[in-house]
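K.L.:
Input: one structure, supplied below.
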Amino acid sequence: MARHRKTYTGERRTVHLGVQLTPSERADLSLAAQMAGTSLSQYVRELCLRRSATPATVDGARRNPEAKRLMHELSAIGNNLNQLARVANTNRAAPQLDELKRVTEILKATMAHVLSL
Numbered sequence: 001m002a003r004h005r006k007t008y009t010g011e012r013r014t015v016h017l018g019v020q021l022t023p024s025e026r027a028d029l030s031l032a033a034q035m036a037g038t039s040l041s042q043y044v045r046e047l048c049l050r051r052s053a054t055p056a057t058v059d060g061a062r063r064n065p066e067a068k069r070l071m072h073e074l075s076a077i078g079n080n081l082n083q084l085a086r087v088a089n090t091n092r093a094a095p096q097l098d099e100l101k102r103v104t105e106i107l108k109a110t111m112a113h114v115l116s117l
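Final position of the sequence shown in this note's numbering is 117; the numbers increase by one with none missing.
Following this line, the structure appears as structure tokens:
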């Protein structure tokens, strides 16, 4: 275990956090840490604190800048559809209800496709 230099004045890691894993989860993390060129504890710490480690997905969206931008745009479209549906429900006039449902399904399928990128 690496030691701090005598001149180190930063905060020291003195608090323990135990996590139970399956053997396969432990193996996956060990392999990922090895591939990242860091220790297992450092890799897990970075994952937990979301610093420099890059897990495959974060909050359901891959760290692909283009996919992230697309998801933002699709989310805005979804918000607009929600506003239209709310107005239609408030006015008790929903002649385009079937069309709104169809567009919503298309939007959901598109978002699922973007998440797979």
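Cβ coordinates follow ideal geometry from the N, Cα and C atoms, glycine included. These numbers were taken from a predicted model, which means no experiment stands behind them.
1. Quick one: what's got a C-beta closer than 8 Å to residue 162's C-beta in the same chain, skipping five residues either side?
2. So residue 111 and residue 84 are in contact, right, with Cβ under 8 Å, and what is the actual spacing, rounded?
3. Assuming residue 40 and residue 24 are in contact, meaning their beta carbons sit under 8 Å apart, how far apart are those beta carbons, in whole angstroms?
4. Can you tell me the Cα-Cα spacing of residue 115 and residue 26, whole angstroms?
5. Could you check the C-alpha separation between residue 78 and residue 101 for me, to the nearest Å?
6. Under 8 Å, do residue 88 and residue 97 count as touching if we go by C-beta distance?
P.N.:
Let's see:
1. Any question about residue 162 goes unanswered here, given that the chain covers just 1 to 117.
2. The residue given as residue 111 occupies position 111 in the sequence shown. The residue given as residue 84 occupies position 84 in the sequence shown. In fact, because the Cβ distance is near 18 Å, the residues do not count as touching under 8 Å.
3. Counting from one through the sequence shown, the residue named residue 40 turns up at place 40. Counting from one through the sequence shown, the residue named residue 24 turns up at place 24. With a Cβ gap of about 15 Å, residue 40 and residue 24 do not count as contacting.
4. Position 115 of the sequence shown holds residue 115. Position 26 of the sequence shown holds residue 26. One C-alpha to the other measures close to 26 Å.
5. The residue labelled residue 78 in the question sits at position 78 within the sequence shown. The residue labelled residue 101 in the question sits at position 101 within the sequence shown. Roughly 11 Å separates the two Cα atoms.
6. Here residue 88 is taken as the residue at index 88 of the sequence shown, counted from 1. Here residue 97 is taken as the residue at index 97 of the sequence shown, counted from 1. In this structure, residue 97 lies closer than 8 Å to residue 88 by Cβ.
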